[in-house]
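Chemist: So the protein sequences, as listed, match chains A and B. According to the UniProt record's numbering, the first sequence holds residues 1 to 341 in order. According to the UniProt record's numbering, the second sequence holds residues 1 to 341 in order. Note that CB positions come from ideal geometry on N, CA and C, so glycine has one too. Owing to the predicted nature of the structure, the values given are computational and were not obtained by experimental measurement. What follows is a single structure, and I will ask about it in a moment.
There are 2 protein chains.
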Amino acid sequence: MKEHVEVTIYDIAEKLNLATSTISRALKDHHSISKKTIEKVKKTAKEMGYRPNNLAASLRSKKTKTIGVLLPTITQPFLSSLISGIEIASQKAGYNVIIMQSHDSYEEEVNLTQSLYNNRVSGVICSLAMQTQNTDHFQVFMDNNTPLVFVDRVPKHFSTFRVVIDNFAAGYKATNHLISQGCKRIAHLTVGSEFSIYHERKMGYLAALKDAGLTFEDELLVRLKEVTYEEAEKAANKLLDLKNPPDGVFTPGDILGVSVIQCAKKRGVKVPNALAVIGFNNDPISNIIDPNLSTITHPAEKMGKASAEIILKSLKSSKKDEVKEITFLNTEVLVRESSLR
Amino acid sequence: MKEHVEVTIYDIAEKLNLATSTISRALKDHHSISKKTIEKVKKTAKEMGYRPNNLAASLRSKKTKTIGVLLPTITQPFLSSLISGIEIASQKAGYNVIIMQSHDSYEEEVNLTQSLYNNRVSGVICSLAMQTQNTDHFQVFMDNNTPLVFVDRVPKHFSTFRVVIDNFAAGYKATNHLISQGCKRIAHLTVGSEFSIYHERKMGYLAALKDAGLTFEDELLVRLKEVTYEEAEKAANKLLDLKNPPDGVFTPGDILGVSVIQCAKKRGVKVPNALAVIGFNNDPISNIIDPNLSTITHPAEKMGKASAEIILKSLKSSKKDEVKEITFLNTEVLVRESSLR
DNA sequence: TTGTACGCGTTATCAA
DNA sequence: TTGATAACGCGTACAA
Numbered sequence: 001m002k003e004h005v006e007v008t009i010y011d012i013a014e015k016l017n018l019a020t021s022t023i024s025r026a027l028k029d030h031h032s033i034s035k036k037t038i039e040k041v042k043k044t045a046k047e048m049g050y051r052p053n054n055l056a057a058s059l060r061s062k063k064t065k066t067i068g069v070l071l072p073t074i075t076q077p078f079l080s081s082l083i084s085g086i087e088i089a090s091q092k093a094g095y096n097v098i099i100m101q102s103h104d105s106y107e108e109e110v111n112l113t114q115s116l117y118n119n120r121v122s123g124v125i126c127s128l129a130m131q132t133q134n135t136d137h138f139q140v141f142m143d144n145n146t147p148l149v150f151v152d153r154v155p156k157h158f159s160t161f162r163v164v165i166d167n168f169a170a171g172y173k174a175t176n177h178l179i180s181q182g183c184k185r186i187a188h189l190t191v192g193s194e195f196s197i198y199h200e201r202k203m204g205y206l207a208a209l210k211d212a213g214l215t216f217e218d219e220l221l222v223r224l225k226e227v228t229y230e231e232a233e234k235a236a237n238k239l240l241d242l243k244n245p246p247d248g249v250f251t252p253g254d255i256l257g258v259s260v261i262q263c264a265k266k267r268g269v270k271v272p273n274a275l276a277v278i279g280f281n282n283d284p285i286s287n288i289i290d291p292n293l294s295t296i297t298h299p300a301e302k303m304g305k306a307s308a309e310i311i312l313k314s315l316k317s318s319k320k321d322e323v324k325e326i327t328f329l330n331t332e333v334l335v336r337e338s339s340l341r
Numbered sequence: 001m002k003e004h005v006e007v008t009i010y011d012i013a014e015k016l017n018l019a020t021s022t023i024s025r026a027l028k029d030h031h032s033i034s035k036k037t038i039e040k041v042k043k044t045a046k047e048m049g050y051r052p053n054n055l056a057a058s059l060r061s062k063k064t065k066t067i068g069v070l071l072p073t074i075t076q077p078f079l080s081s082l083i084s085g086i087e088i089a090s091q092k093a094g095y096n097v098i099i100m101q102s103h104d105s106y107e108e109e110v111n112l113t114q115s116l117y118n119n120r121v122s123g124v125i126c127s128l129a130m131q132t133q134n135t136d137h138f139q140v141f142m143d144n145n146t147p148l149v150f151v152d153r154v155p156k157h158f159s160t161f162r163v164v165i166d167n168f169a170a171g172y173k174a175t176n177h178l179i180s181q182g183c184k185r186i187a188h189l190t191v192g193s194e195f196s197i198y199h200e201r202k203m204g205y206l207a208a209l210k211d212a213g214l215t216f217e218d219e220l221l222v223r224l225k226e227v228t229y230e231e232a233e234k235a236a237n238k239l240l241d242l243k244n245p246p247d248g249v250f251t252p253g254d255i256l257g258v259s260v261i262q263c264a265k266k267r268g269v270k271v272p273n274a275l276a277v278i279g280f281n282n283d284p285i286s287n288i289i290d291p292n293l294s295t296i297t298h299p300a301e302k303m304g305k306a307s308a309e310i311i312l313k314s315l316k317s318s319k320k321d322e323v324k325e326i327t328f329l330n331t332e333v334l335v336r337e338s339s340l341r
């Protein structure tokens, strides 16, 4: 029977007749320790089966080398790619990533925020829950100089780092593309509150209409309860049932765009000629639906990488009086079959 | 300027003229502490802005309440759903999840395993890297009674918990379904080593052919370098170029199945009548491709949940002499348009 | 019901 | 270049 005992630097020190401080330093290649000692220590550490205990080190040094990530969910392609980007950049720097899902619930978000703090994460990356209006629960990180980065779904009035795309510009571009394809009656689906990214995309849509001299028609703007195929199908049916149906649709997500195409196909409405469609995100499904869905690229992995790097950089710097700048990443119109006519 | 100082149980103790042990207990609703004291302690803790330090608690108690998750990648729909399941079950039990990607590299997997151990995670859930043949790097968890669960891609010869589907049976079912639809020449794409799940699916395919009295033809089995659209398209072209092309294809992944359908469509080969196709996983894209791809359901979230629950249960039990059982989850044939004729 | 006192494994400070 | 020793913040026997 293998009675396991934890080998500590103390055990190594005893065996080698050295001080624990020497062992600690030797294991980290501290310059003040002779090469000979370093080698000797590392060798016996290995022999004895020594395993560093990050908990003890973190407690003492007050540095956990862990980045907390708090997202609405992780199964959306955009968000899993975002995590991937965060994880890759963190791993490269020797940082771990601890992940939590708010499931778009404000309450869960508040609780998880506490939990992240209790774990004394070195930094936090967060995309806000749909429900969240108030961001006081993040104040604790500010108070402790824990770098905090909001990504994609960011608060309006809270001075922190932010990594975003220009949702207004993207909405404008998407709508403008439809206009350039000759669409005159462009519909839009929207969702969420006036603080959401969807609101900004909608504002872009409205601005593009205006700039093109197209009058906005209320019946062409449909508000959804949530981002699902079902909700989008309902909306599409409603739009196509209009006396004067739209000849183009900009949906602020690919699930919605795909659903609109499917609905149009079912009803015999030709895409793109009778109805041009453009989505958002460049999810895998957008490239599978027939006809392929035009979309707006959303650089998920890059945004994750950028967020992590901001944290890492901030940890290296003096931490005080930092400028909490906003990082904008590019989006592009990806023209595919569903809008090309 | 807000000079931040950490409020500890010691500070609370001083303020209330109580012992730290009393504070510690009161904050955890220990039964030996009077209600009055508990209330008083909690109140002043809040007032003083006390925040528990999980690091210190973990160091002391040797319990981190953290589950380490080590996966090849997290962007595949199956794996992100798996994580979601793990995260939901863990969160419910007050456990955190720390996530790492091996990117299918054996070397990275070894390193990350060390890192997980150094963080003294309470349990580990792992799906092996494609490259991994040897699992000695997990021995450290065995030696320390850290519950270890392999999920989906599990090692053949290593006595731990395993949460899997029956890949052989699933491959058999998929192939058999095609046979039931009248297919006589069924092709199969495969990938990876003889230790992979793909190998088992292939064995199921072969067994189904045999049981149906269909002779296996070598030219109908195509080996891919990796699971990508491009590789599958190459394979599909090769198959359709045959003098005697197949009338059915079983692909052990939906990306492959979708790609085969796309290739067939391009070439004017009718799916399902000229070529029936069935995939694997029930990824979102399988339900978007036209015609819809029949597939094998793969209960990702359930598997994640089951894995986490095994860890949690194991942590509660005596930890010694446990039976390291294998948990099999169900798969089903999901018949859609691509194979129905 | 509450208090005393020590240890978890490491790092940091100061001294040698 | 190395050593002695005190923290880091909390939990837990054991005592009161």
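What separation, rounded to the nearest whole angstrom, lies between the Cα atoms of K243(B) and L220(B)?
Modeler: Position 243 of the second sequence holds residue 243(B). Position 220 of the second sequence holds residue 220(B). The straight-line gap from Cα to Cα measures roughly 12 Å.
Chemist: Who are V222(A)'s beta bridge partners in DSSP?
Modeler: What you label residue 222(A) is simply residue 222 of the first sequence in a count that begins at 1. Answer by DSSP bridge pairing, in chain order: L189(A).
Chemist: Using only alpha-carbon positions, find the residue among L128(A), N111(A) and T64(A) that is nearest to I98(B).
Modeler: On the second sequence, residue 98(B) is found 98 positions in, with the first residue counted as 1. Of L128(A), N111(A) and T64(A), the residue nearest in Cα terms is T64(A).
Chemist: If the criterion is Cβ atoms closer than 7 Å, does the pair L240(B) and R201(B) meet it?
Modeler: Taking the second sequence and counting its residues from 1, the one referred to as residue 240(B) is at position 240. Taking the second sequence and counting its residues from 1, the one referred to as residue 201(B) is at position 201. No. Outside cutoff.
Chemist: Let's test the definition: count the other Cβ atoms within 10 Å of the Cβ of K316(A) and tell me whether it reaches 16, buried, or not, exposed.
Modeler: Mapped onto the first sequence, residue 316(A) falls at position 316. Classification of K316(A): exposed, given that the 10 Å Cβ count is below 16.
Chemist: Exposed or buried, which one is D211(A) when buried takes at least 16 other CB atoms within 10 Å?
Modeler: Start at 1 with the first residue of the first sequence, and residue 211(A) comes out as number 211. By the neighbour-count rule (16 or more Cβ atoms within 10 Å), D211(A) is not buried but exposed.
Chemist: With which residues is F250(B) paired in a DSSP beta bridge?
Modeler: Against the second sequence, residue 250(B) aligns to sequence position 250. F250(B) pairs with H188(B) and I278(B).
Chemist: Taking only runs of the alpha helix (DSSP H) that begin and end inside the UniProt domain "HTH lacI-type" (7-61) of chain B, which ones reach a length of at least 4 residues, in chain order?
Modeler: 9-16, 20-27, 35-48 and 54-61
Chemist: Hey, which unbroken runs of the alpha helix (DSSP H) at 4 residues or more fall wholly within the segment 107-159 of chain B?
Modeler: For secondary structure counted as the alpha helix (DSSP H) over 4 or more consecutive residues, the segment 107-159 of chain B holds these complete runs in sequence order: 139-143.
Chemist: Using 7 Å as the threshold, is the C-beta distance between P52(B) and N145(A) below it?
Modeler: Start at 1 with the first residue of the second sequence, and residue 52(B) comes out as number 52. Start at 1 with the first residue of the first sequence, and residue 145(A) comes out as number 145. No. Outside cutoff.
Chemist: By the DSSP assignment, the beta strand (DSSP E) with T327(A) in it spans what residues?
Modeler: Your numbering for residue 327(A) matches position 327 in the first sequence. Note, T327(A): beta strand (DSSP E), I326 to L329.
Chemist: Please report the distance separating the alpha-carbon of L128(A) from that of K265(A).
Modeler: In the first sequence, residue 128(A) corresponds to position 128, counting from 1. In the first sequence, residue 265(A) corresponds to position 265, counting from 1. C-alpha separation (whole angstroms): 35 Å.
Chemist: Taking the CB atoms as reference points, tell me whether A89(A) and E325(A) lie closer together than 7 Å.
Modeler: As a first step, residue 89(A) must be located in the first sequence, where it is residue number 89. As a first step, residue 325(A) must be located in the first sequence, where it is residue number 325. Not in contact: A89(A) and E325(A) (Cβ atoms no closer than 7 Å).
Chemist: Which residues bound the alpha helix (DSSP H) around L178(A)?
Modeler: Counted from its first residue, the first sequence places residue 178(A) at position 178. Start and end: N167 to S180.
Chemist: Which one of L16(A), K35(A) and R60(A) has the shortest CA to CA distance from E47(A)?
Modeler: Along the first sequence, one-based indexing puts residue 47(A) at 47. For E47(A), the nearest C-alpha among the options comes from L16(A).
Chemist: Out of curiosity, what's the CA-to-CA distance linking V227(A) and M100(B)?
Modeler: For this step, residue 227(A) is matched to residue 227 along the first sequence. For this step, residue 100(B) is matched to residue 100 along the second sequence. Looking at the two C-alpha atoms, the distance is approximately 29 Å.
Chemist: Let's test the definition: count the other Cβ atoms within 10 Å of the Cβ of Q133(B) and tell me whether it reaches 16, buried, or not, exposed.
Modeler: Indexing the second sequence from 1 puts residue 133(B) at position 133. Classification for Q133(B): exposed.
Chemist: Determine which residues of the segment 74-88 of chain A have a Cβ less than 9 Å from any Cβ of chain B, and write them out in chain order.
Modeler: I74, T75, Q76, P77, L79, S80, S81, I83, S84, E87 and I88
Chemist: With 8 Å as the limit, tell me which residues of the segment 17-51 of chain B have their beta carbon closer than that to any beta carbon of chain A; keep them in chain order.
Modeler: R51
Chemist: Is the CB of L55(B) under 7 Å away from at least one CB in chain A?
Modeler: Position 55 of the second sequence holds residue 55(B). Against chain A, the CB of L55(B) has a partner CB under 7 Å away; the residue lies at that interface.
Chemist: I'd like to know if the segment 20-32 of chain B and the segment 269-276 of chain B are in contact, where contact means that at least 3 CB-CB pairs between them fall below 8 Å.
Modeler: Taking one beta carbon from each stretch, the segment 20-32 of chain B and the segment 269-276 of chain B have fewer than 3 pairs nearer than 8 Å; the two do not touch.
Chemist: What separation, rounded to the nearest whole angstrom, lies between the Cα atoms of K62(A) and I23(A)?
Modeler: Taking the first sequence and counting its residues from 1, the one referred to as residue 62(A) is at position 62. Taking the first sequence and counting its residues from 1, the one referred to as residue 23(A) is at position 23. Taking the straight line joining both Cα atoms gives about 20 Å.
Chemist: Should I296(B) and I288(A) be called a contact, given that it needs their Cβ atoms to be closer than 7 Å?
Modeler: Reading the second sequence from its first residue, position 296 is the one you call residue 296(B). Reading the first sequence from its first residue, position 288 is the one you call residue 288(A). Going by C-beta atoms, I296(B) is not nearer than 7 Å to I288(A).
Chemist: With hydrogens ignored, establish whether the beta-carbon of K36(B) is closer than 6 Å to any heavy atom of the ligand ZN.
Modeler: Of ligands this structure carries none, so the ligand ZN is not represented either.
Chemist: Chain B beta carbons: is any one of them nearer than 7 Å to that of V97(A)?
Modeler: Translated into positions along the first sequence, residue 97(A) becomes position 97. At least one chain B Cβ lies under 7 Å of V97(A).
Chemist: Would a check of beta-carbon distances place R120(B) closer than 7 Å to chain A?
Modeler: Within the second sequence, the letter at position 120 stands for residue 120(B). Taking Cβ atoms only, chain A reaches closer than 7 Å to R120(B), which makes this a yes.
Chemist: Where do the N-terminal and C-terminal ends of the beta strand (DSSP E) with L71(A) fall, by residue?
Modeler: Here residue 71(A) refers to the residue found at position 71 when the first sequence is read from its first residue. Counting along the chain, the beta strand (DSSP E) containing L71(A) begins and ends at T66 to L71.
Chemist: Would the beta-carbon of Q181(A) fall within 7 Å of that of S338(A)?
Modeler: In the first sequence, counting from the first residue as 1, residue 181(A) sits at position 181. In the first sequence, counting from the first residue as 1, residue 338(A) sits at position 338. Result no, Cβ atoms of Q181(A) and S338(A) do not sit closer than 7 Å.
Chemist: By the 10 Å Cβ neighbour count, where 16 or more other Cβ atoms means buried, how is Y10(A) classified, buried or exposed?
Modeler: Here residue 10(A) refers to the residue found at position 10 when the first sequence is read from its first residue. Exposed: under 16 other Cβ atoms inside 10 Å.
Chemist: Show which residues of chain A have a CB atom less than 9 Å away from the CB atom of L70(B).
Modeler: Within the second sequence, residue 70(B) is the residue found at index 70, counting from 1. Neighbours of L70(B) on chain A: none; closest Cβ ~11 Å, over 9 Å.
Chemist: With DSSP as the reference, label F216(B) as helix, strand or coil.
Modeler: Sequence index remark: in the second sequence, residue 216(B) carries index 216 (1-based). Three-state DSSP puts F216(B) in coil, outside helix and strand.
Chemist: Got a sec, what are the start and stop residues for the beta strand (DSSP E) I288(A) sits in?
Modeler: By 1-based counting over the first sequence, the position of residue 288(A) is 288. Per DSSP, I288(A) belongs to no beta strand (DSSP E) and is neither H nor E.
Chemist: When the distance is taken between beta carbons, is H137(B) closer than 7 Å to V164(B)?
Modeler: Within the second sequence, numbered from 1, the residue matching residue 164(B) stands at position 164. Within the second sequence, numbered from 1, the residue matching residue 137(B) stands at position 137. No, the Cβ-Cβ distance between V164(B) and H137(B) is not below 7 Å.
Chemist: Could you tell me the alpha carbon to alpha carbon distance between L258(B) and N292(B), rounded to whole angstroms?
Modeler: The residue given as residue 258(B) occupies position 258 in the second sequence. The residue given as residue 292(B) occupies position 292 in the second sequence. Checking the sequence, you will find Val at residue 258(B) rather than Leu. Those two C-alpha atoms are separated by around 9 Å.
Chemist: Chain A partners of D241(B), CB-CB under 7 Å?
Modeler: Against the second sequence, residue 241(B) aligns to sequence position 241. Near D241(B) there are no residues of chain A at all, since even the closest Cβ is about 24 Å away, more than 7 Å.
Chemist: With L224(B) and E231(B) assumed to form a contact (beta carbons below 8 Å), what rounded beta-carbon distance in angstroms separates them?
Modeler: Mapped onto the second sequence, residue 224(B) falls at position 224. Mapped onto the second sequence, residue 231(B) falls at position 231. Rounded, the Cβ-Cβ distance is 4 Å, consistent with contact.
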